[in-house]
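Counting from 91, one number per residue, gives the positions in the sequence shown under the working numbering.
All residues carry an ideal CB built from backbone N, CA and C; glycine is no exception.
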Amino acid sequence: MKRYENIRIEINDHSAVMTFCRPNVLNALNTPTVTEALDAVREIEQNTSVRVLLVTGAGKAFIAGADIKEMYEKTPESARTYSELGHRLMRAFQDLRQPVIAVVNGYCLGGGLEVALGCDIRIASEQAQFGLPETILGIIPGWGATQRAARLIGPAFAKELIFTGRHITAQRAFEIGLVNRVVPAEALMPVAMEMARVICQQSPAAVAAAKRVVNQGIDMPLTEACQLEIDTFANLFNLPDRAEGMKAFIEKRKPNFS
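(1) Terminal residues of the continuous beta strand (DSSP E) containing Y197?
(2) Exposed or buried, I340, counting other C-beta atoms within 10 Å across all chains shown (16 or more means buried)?
(3) Tell me which residues share the same chain as M279 and place their Cβ nearer than 7 angstroms to its Cβ, disregarding the 5 neighbours each side in the sequence.
(4) Quick one: residues in its chain with C-beta nearer than 7 angstroms to the C-beta of A282, no 5 flanking neighbours on either side, listed in chain order?
(5) Leaving out five residues on either side along the sequence, give the residues of the same chain with a beta carbon under 7 angstroms from the beta carbon of A263.
(6) What three-state label does DSSP hand I153 in the structure shown?
(7) Give a yes or no on whether the C-beta atoms belonging to N96 and E133 are separated by under 8 angstroms.
(8) Which residues in the same chain as I377 place their Cβ atom closer than 7 angstroms to its Cβ, once the five residues preceding and following it in sequence are excluded?
(9) Leaving out five residues on either side along the sequence, give the residues of the same chain with a beta carbon under 6 angstroms from the beta carbon of F152.
(10) Is it the case that the Cβ atoms of A295 and D331 are separated by a distance below 8 angstroms?
(11) Hey, V124 and A182 are a contact pair by Cβ (cut 8 angstroms); roughly how many whole angstroms apart?
(12) Within the same chain, show all residues whose beta-carbon is closer than 8 angstroms to that of Q306, passing over the 5 residues directly before and after it, in chain order.
(13) Could one say the Cβ of A218 lies closer than 8 angstroms to chain C's Cβ atoms, at least one of them?
(14) Quick check on S168: does DSSP put it in helix, strand or coil?
(15) Helix, strand or coil, according to DSSP, for A106 in the structure here?
(16) Using a threshold of 8 angstroms, state whether the C-beta atoms of P231 and E204 are closer than that.
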């Protein structure tokens, strides 16, 4: 993997870990950092050995938001470009064939929460805090939170987060469905890596197909979405993973998905 200035990529077995590394500014996202993350996602997409991507932050924050000093200088035109760049990163996480797990170790605010919303699964430490404080800055979330939060936790909770700008605890985030699990800080990465390990044991083709069907189907009418499921289910019977998985089950052994 290529070396980056603002992020770190580590690959262990079939899991890749992307760490945002600007701890002196609580991993605030500026244009170079988002651009590097986009490049890294493209690299991971091409790496057939990687089956899961975990995203986290260095130090005491996951990502505490966008770099406000950079944003302050923007015009409407450059702000549009910046918003489009962030949307490309969230779309890259969403479209990545591998599942993406947000490992939220601290502040997860503004653009940081939008990164987490772009991931498939969110695991948080008990100390994590979540929020969308953009309205106090005179703006709104610009990287997808108005839409992804509303779809994930419902419009009412999404509006409460956005309108008030208040931080919520990890436990409250769990209660409203914003995160999948809350664990003690010292257990955060072990729990996330264990989930990644379990996912890696499944058929990569089936997991990628499931991710695509859920993501695409949620925006379709139910009848069309169910047809997408039927078509994908049938198409998987053409692939080696299906034969290996079923044969291993019949032979009472673990499957070997290449």
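Taking the definition as stated:
(1) Y197 to L199
(2) exposed
(3) V193
(4) L144, I191, V193 and I213
(5) A214, F220 and V269
(6) strand
(7) no
(8) Nothing about residue 377 can be read from this structure; the chain reaches only from 91 to 348.
(9) V194, N195, G196, C198 and G202
(10) yes
(11) The Cβ separation is near 10 angstroms, so there is no contact.
(12) A315 and L318
(13) Absence of chain C from the displayed structure is noted, only one protein chain being present.
(14) helix
(15) strand
(16) yes
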